[in-house]
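Asker: Its first residue numbered 1, the sequence shown is counted upward by one per residue in UniProt numbering.
Have a look at this one before I ask anything.
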Amino acid sequence: MELAQVRLLVTDFAACYQFYAEVLGLKPQSGATRGPYEKFSPHTGSAGIALQDRAMMAEVLAELGDTATGHRSLVVLRVDDLDAYCAGITARGAVLLHGPAPMTDRMRVAHLKDPEGNLVELQEWLLLRG
């Protein structure tokens with residue numbers, strides 16, 4: 001078994017596409033800015049995040065048609081230099097909710113939300129620094 005991706009069901013596909021591609025700097029697979037589906041990958045590694053239009057899934061599973069409430073997901077991205085990455089994404093419009101700050105003695109984190117309210121955690125692993 002192999003994990004292919006984590007998929008977020010979204011209502012405002014275009015705003016979420018812009019956030020993951022232009023603000024966070026992830027690479028879109030096909031450039032489908034209006035959806036109903038797009039996969040994003042970091043420049044290194046094999047993990048992926050995908051967006052899917054909530055209405056499309058509602059056609060398959062009726063209970064997904066309602067707007068999601070509360071925190072239902074946490075996307076975690078590891079970066080090499082948390083301070084530099086946060087400076088770059090805030091310059092592109094991201095609003096940090098927390099951090100950069102230590103989470104443990106081995107990790108620093110920052111948190112923000114995408115346009116749908118999904119939480120994004122940025123991690124810097126201190127053990128990987130030289």
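Yeah, the Cβ is synthetic: ideal placement off N, Cα and C, and Gly gets one too.
Do you know whose CA, among Cys86, Asp105, Pro102 and Met103, lies nearest Leu96's CA?
Answerer: Closest by alpha carbon: Cys86.
Asker: Just to confirm my understanding: we take residue 160, look at its own chain, exclude 5 residues before and 5 after, and list those with CB closer than 7 Å. What are they?
Answerer: Any answer about residue 160 is impossible in this case: the structure gives the chain only from 1 up to 130.
Asker: Does the beta-carbon distance from Leu74 to Glu121 come in below 7 Å?
Answerer: Yes, they are a contact pair.
Asker: Could you check the C-alpha separation between Gln123 and Met57 for me, to the nearest Å?
Answerer: Their Cα atoms are separated by approximately 31 Å.
Asker: On the DSSP bridge list, what partners appear for Ser30?
Answerer: Ser30 is not bridged to any residue.
Asker: Please confirm whether Glu18 and Lys39 have their CB atoms less than 7 Å apart.
Answerer: First, the amino acid is wrong: residue 18 is Gln here, not Glu. Cβ distance not < 7 Å, so Gln18 and Lys39 don't count as in contact.
Asker: Can you check which of these residues, Ala32, Pro36 and Val60, is closest to Thr11 by C-alpha distance?
Answerer: Ranking Ala32, Pro36 and Val60 by Cα distance to Thr11 puts Pro36 first.
Asker: With a threshold of 6 Å on Cβ separation, who are the neighbours of Asp53 within its own chain once the five nearest residues in sequence on each side are excluded?
Answerer: These residues qualify, in order along the chain: Phe13, Gly35 and Pro36.
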